[in-house]
Amino acid sequence: MALQPTDWSVVIMGRWNRAILTPKGIAKRLFMLGEAEQVPVLVPLDGVSPYVVKHPTEEILVMTDESRLMIQVGKPDYATLGHAMKAGVNALTALPETPVIAAGININFGSQEVTPQMASLLVSESEKPLIDADFKPVARTISRSLEYGLGALNVTVTSSKAALPNNMTN
């Protein structure tokens, strides 16, 4: 089975002023919409989670709290990710006084099965003594961090026990 894109987003860590990033502020500063254009607002029922502002024509959703601005991609493809990235650039440009710590783009893929190539990456000889001692793996993760300009590209592959072939769980 091929990898399927899931859960793409743009995240900017910083001290965001939620009084400025109201639904109208997000529409104006991030989406660059006119005063008359309306944006759908999704209000959480738990009363604690932040509200979500949806772009009226692009499949991107914006939520913020005091420490991060997250632009979720509703349709995980590169064109929609481009719209999310543009909204992130707009946030940084329109609110230059915001202290920003880091920015990142999350592009995730998933699969219901583990290919032999992925299995060879996930299984390590270092875990053999633990398995021999009757410890059962419930998940495996590998990660790499690669220098990318002034930042880093982080690649993580995770597999749960349910996705592992039987011969890899013990």
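Residue numbers (this note's numbering): 1 to 170.
Note that beta-carbon positions come from the ideal geometry of N, C-alpha and C, so glycine has one too.
Since we're looking at a predicted model, the values are computed, not measured.
Sequence-distant residues of its chain with Cβ nearer than 8 Å to residue i (five each side left out)
i, result
"Val41", "Pro23, Tyr51, Val52, Val53 and Lys54"
Residue range of the unbroken alpha helix (DSSP H) whose run includes residue i
i, result
"Thr80", "Tyr78 to Ala94"
"Ile26", "Pro23 to Arg29"
"Leu121", "Pro116 to Leu122"
Straight-line Cα distance separating residue j from residue i
i, j, result
"Val114", "Ser159", "8 Å"
"Pro99", "Leu30", "17 Å"
"Lys86", "Asp132", "51 Å"
"Glu59", "Ile26", "15 Å"
"Asp134", "Thr156", "27 Å"
"Pro137", "Ser143", "17 Å"
"Gln72", "Gly14", "17 Å"
"Val62", "Glu125", "43 Å"
"Glu35", "Met118", "50 Å"
Buried versus exposed, by CB contacts within 10 Å (16 or more), residue i
i, result
"Ala139", "exposed"
"Thr57", "exposed"
Delimiting residues of the beta strand (DSSP E) encompassing residue i
i, result
"Gln72", "Arg68 to Val73"
"Ile131", "No beta strand (DSSP E) holds Ile131; the alpha helix (DSSP H) holding it covers Lys128 to Asp132."
"Ala157", "It should be noted that the sequence gives Val, not Ala, for residue 157. Per DSSP, Val157 belongs to the beta strand (DSSP E) from Gly151 to Ser160."
"Gln4", "Gln4 to Gly14"
Cβ-based neighbour list, residue i, same chain, cut-off 7 Å, excluding 5 preceding and 5 following
i, result
"Ala91", "Ile12, Arg29, Leu30 and Leu69"
"Thr6", "Pro76, Asn108, Phe109 and Gly110"
"Ser145", "Ala152 and Asn154"
DSSP three-state assignment for residue i, whether helix, strand or coil
i, result
"Pro44", "coil"
"Ala103", "strand"
Own chain residues within Cβ distance below 6 Å of residue i, not counting five before or after
i, result
"Leu81", "Trp8 and Val73"
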